[in-house]
Ligand SMILES: NC(=O)c1ccc[n+]([C@@H]2O[C@H](COP(=O)([O-])OP(=O)(O)OC[C@H]3O[C@@H](n4cnc5c(N)ncnc54)[C@H](OP(=O)(O)O)[C@@H]3O)[C@@H](O)[C@H]2O)c1
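In full-length UniProt numbering, the protein residues as written are 1 to 344.
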């Protein structure tokens, strides 16, 4: 009888690829990538200081000696890591020992983050990339493959959100082009708005997953975590199309869990309710609306990015190696709230 050997998670060992070996082998395949690839050390490709990040503050407790609770020796791609939930995820994964690559559209914000991470002793590189553009996604994955020697353990792929296009100060031109009223009753959606929202939110994540398949498989221990939303579970006012895109990602999470299990790639998703980030600061600056949000949330507060990143990290750890195909809400209880009056 033939026996299938499932690869075991990488454990921290002297033979694990260290940041130092990763960066000393770094080659950039195309000269065009030079302008896009950013590393923590802006001038030369010197090794990141240590494989184990320093324990600098109470924010990062650092990797433990127990390999089940460590990401040491693992490689990760986190899209959109310069602000909000993505930023917290980069720090969480790097704090647990992973070597991380991230991307965003704004090069100066990326440079600031990379400098901060370098000061913290984290092994993080970055690229300027608009993941809503197909060719840039392909370039990004080419860079990731090159930086990580063709092996990727972790893909944290955030759904693009129209809200982020609307609220980011650098996206003004785009705001004007697409219009700002994407939150609207479904009967009012034009065909163009519908297809733009579907392709912006869903296609980019779908395509990045396709591109990441080979490096995830090559790593022998792969994990995908999608950032979905409670709108994929419950109905929110004027968010029917938005919710449909998140629902599509939720189903993709389950399908990939089955389709790629043979390659030892797990697939899970986290689904936040309101988390305190730049994406939602504008809508939450309305005090009345904020009160409504609190009244629907059993824990009566907003979530913090670190309350999402901790779950993402857990889903990537060897400790969660039997969890796949799950979508977990991080929502202060909002999605299970039937009827609990605020003043009871
Ligand atoms: N915050 C919430 O309340 C909440 C609730 C439910 C779900 N979520 C989900 O969580 C995810 C992250 O949201 P967030 O609140 O952390 O957002 P955020 O604070 O606006 O941060 C978004 C990050 O993604 C980058 N980004 C945005 N568009 C990009 C693009 N086209 N290409 C590359 N990078 C891009 C941004 O950098 P650049 O602008 O420089 O590109 C930034 O680093 C989203 O998928 C969102 O749907 C958030």
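For each residue, glycine too, the CB sits at the ideal point set by N, CA and C. Since the structure is predicted, the reported quantities are computational estimates derived from the model, not experimental observations.
Is residue 74 closer than 8 Å to residue 154 when the C-beta atoms are compared? Locating residue 154 in the chain shown gives position 154, where the first residue counts as 1. Locating residue 74 in the chain shown gives position 74, where the first residue counts as 1. Yes. Within cutoff.
Exposure label - residue 221; buried when at least 16 CB within 10 Å: As a first step, residue 221 is located in the chain shown; it is residue number 221 there, counting from the start. The residue is buried, with at least 16 neighbouring Cβ atoms inside 10 Å.
Could you give the residue range of the alpha helix (DSSP H) that holds residue 339? The residue given as residue 339 occupies position 339 in the chain shown. Neither: residue 339 is in no alpha helix (DSSP H) and is coded neither H nor E.
Write down every uninterrupted run of the alpha helix (DSSP H) in the region 226-312 whose length is 4 residues or greater and which is fully enclosed by it, in chain order. DSSP runs (the alpha helix (DSSP H)) wholly in the region 226-312: 240-259, 281-284, 287-296.
Where the alpha helix (DSSP H) through residue 145 begins and ends: Within the chain shown, numbered from 1, the residue matching residue 145 stands at position 145. 134-147 is the span of the alpha helix (DSSP H), which, as asked, contains residue 145.
Which first and last residues belong to the alpha helix (DSSP H) in which residue 113 is found? Within the chain shown, numbered from 1, the residue matching residue 113 stands at position 113. Note, residue 113: alpha helix (DSSP H), 107-120.
Tell me whether residue 191 is buried or exposed, calling it buried when 16 or more other Cβ atoms sit within 10 Å of its Cβ. Working through the chain shown from its first residue, we reach residue 191 at position 191. Answer is exposed; the Cβ neighbour count stays below 16.
Starting from residue 217, follow the alpha helix (DSSP H) in both directions and report where the run begins and ends. As a working note, residue 217 is residue 217 in the chain shown. Counting along the chain, the alpha helix (DSSP H) containing residue 217 begins and ends at 204-219.
Kindly list the residues whose CB is nearer than 6 Å to the CB of residue 284, restricted to its own chain and excluding five residues on each side of it in sequence; keep chain order. The residue labelled residue 284 in the question sits at position 284 within the chain shown. Contacts found: 290.
Going by CA-CA distance only, name the one from 333, 277, 342, 265 that's closest to residue 322. Start at 1 with the first residue of the chain shown, and residue 322 comes out as number 322. When each option's Cα is compared against that of residue 322, the closest is 265.
Grouping DSSP H, G and I as helix and E and B as strand, with all else coil, what is residue 71? By 1-based counting over the chain shown, the position of residue 71 is 71. Three-state result, residue 71: coil.
Report yes if the CB atom of residue 334 is closer than 8 Å to the CB atom of residue 260, and no otherwise. One-based indexing of the chain shown puts residue 334 at position 334. One-based indexing of the chain shown puts residue 260 at position 260. For residue 334 and residue 260, no; Cβs fall outside 8 Å.
Could you tell me the alpha carbon to alpha carbon distance between residue 226 and residue 267, rounded to whole angstroms? Counting from 1 along the chain shown, the entry for residue 226 is found at position 226. Counting from 1 along the chain shown, the entry for residue 267 is found at position 267. Their Cα atoms are separated by approximately 8 Å.
According to DSSP, simplified to helix, strand and coil, what is residue 104? Translated into the one-based positions of the chain shown, residue 104 becomes position 104. Looking at residue 104 - three-state DSSP - the assignment turns out to be strand.
Quick check on this structure: which residue in 120, 105, 111, 113 has the alpha carbon closest to the alpha carbon of residue 137? Here the question's residue 137 lines up with position 137 in the chain shown. When only C-alpha atoms are compared, the closest one is 105.
At a cut-off of 7 Å, would you count residue 86 as near ligand 1, judging by its Cβ distance to the nearest heavy atom? The residue labelled residue 86 in the question sits at position 86 within the chain shown. The answer is yes for residue 86.
Compute the distance between the beta-carbons of residue 157 and residue 277, then report whether it is under 8 Å. Along the chain shown, read from residue 1 onward, the residue named residue 157 stands at position 157. Along the chain shown, read from residue 1 onward, the residue named residue 277 stands at position 277. Going by C-beta atoms, residue 157 is not nearer than 8 Å to residue 277.
Given a threshold of 16 other Cβ atoms within 10 Å of its Cβ, counted over all protein chains shown, does residue 339 qualify as buried or as exposed? Numbered from its first residue, the chain shown carries residue 339 at position 339. Counting the other Cβ atoms within 10 Å of the Cβ of residue 339 gives fewer than 16, which makes it exposed.
Alpha carbon to alpha carbon, how far is residue 327 from residue 195? Give it in angstroms, no decimals. Counting from one through the chain shown, the residue named residue 195 turns up at place 195. Counting from one through the chain shown, the residue named residue 327 turns up at place 327. Taking the CA atoms as reference points, residue 195 sits about 25 Å from residue 327.
Using the Cα positions of residue 187 and residue 275, report the straight-line distance between them to the nearest angstrom. In the chain shown, the residue the question calls residue 187 occupies position 187. In the chain shown, the residue the question calls residue 275 occupies position 275. Cα-Cα distance, rounded: 29 Å.
Residues near residue 330 in its chain [Cβ-Cβ closer than 8 Å; skip 5 each side]: Stepping through the chain shown from its first residue, residue 330 is reached at position 330. These residues qualify, in order along the chain: 270, 271, 272, 273, 275, 303, 307, 308, 311.
Is residue 277 a contact residue of ligand 1, with contact defined as CB to any heavy atom under 7 Å? Residue 277 sits at position 277 when you count from the first residue of the chain shown. Checking the 7 Å criterion, the Cβ of residue 277 is within range of a heavy atom belonging to ligand 1.
Answer yes or no: do residue 71 and residue 316 have a C-beta to C-beta separation smaller than 8 Å? Walking along the chain shown from the start, residue 71 turns up at place 71. Walking along the chain shown from the start, residue 316 turns up at place 316. For residue 71 and residue 316, yes; Cβs fall inside 8 Å.
So, helix, strand or coil for residue 76, using DSSP? For this step, residue 76 is matched to residue 76 along the chain shown. In this structure, residue 76 counts as strand in the three-state DSSP scheme.
Residue 272: beta carbon under 7 Å from a heavy atom of ligand 1? Here residue 272 refers to the residue found at position 272 when the chain shown is read from its first residue. Yes.
When the Cα of residue 183 is compared with those of 241, 134, 205, which residue comes out closest? To locate residue 183, count along the chain shown from 1; it is residue 183. Selected option, being the one with the closest Cα: 241.
Nearest by alpha-carbon distance to residue 134: which of 230, 210, 247 is it? In the chain shown, the residue the question calls residue 134 occupies position 134. Looking at the Cα atoms, 210 is the closest of the given residues.
Count the other CB atoms, across all protein chains shown, that sit within 10 Å of the CB of residue 144; report buried if there are 16 or more and exposed otherwise. One-based indexing of the chain shown puts residue 144 at position 144. With 16 or more other Cβ atoms within 10 Å, it is buried.
In this structure, how does DSSP classify residue 222 when only helix, strand and coil are distinguished? On the chain shown, residue 222 is found 222 positions in, with the first residue counted as 1. Strand at residue 222.
In chain order, what residues of the same chain have a beta carbon less than 6 Å from the beta carbon of residue 140, not counting five sequence neighbours either side? The residue given as residue 140 occupies position 140 in the chain shown. Once the five neighbours on either side are set aside, the close Cβ partners of residue 140 are 103, 127, 129.
Does ligand 1 have a heavy atom nearer than 7 Å to the CB of residue 286? Taking the chain shown and counting its residues from 1, the one referred to as residue 286 is at position 286. Not under cutoff, so the answer is no.
8 Å Cβ cutoff met for residue 81 and residue 89: For the purposes of this step, residue 81 is taken as the residue at position 81 of the chain shown. For the purposes of this step, residue 89 is taken as the residue at position 89 of the chain shown. Yes.
Ignore the nearest five residues each way along the sequence and tell me which others in residue 189's own chain have a CB closer than 7 Å to its CB. Here residue 189 is taken as the residue at index 189 of the chain shown, counted from 1. Excluding sequence neighbours, residue 189 sits near 241.
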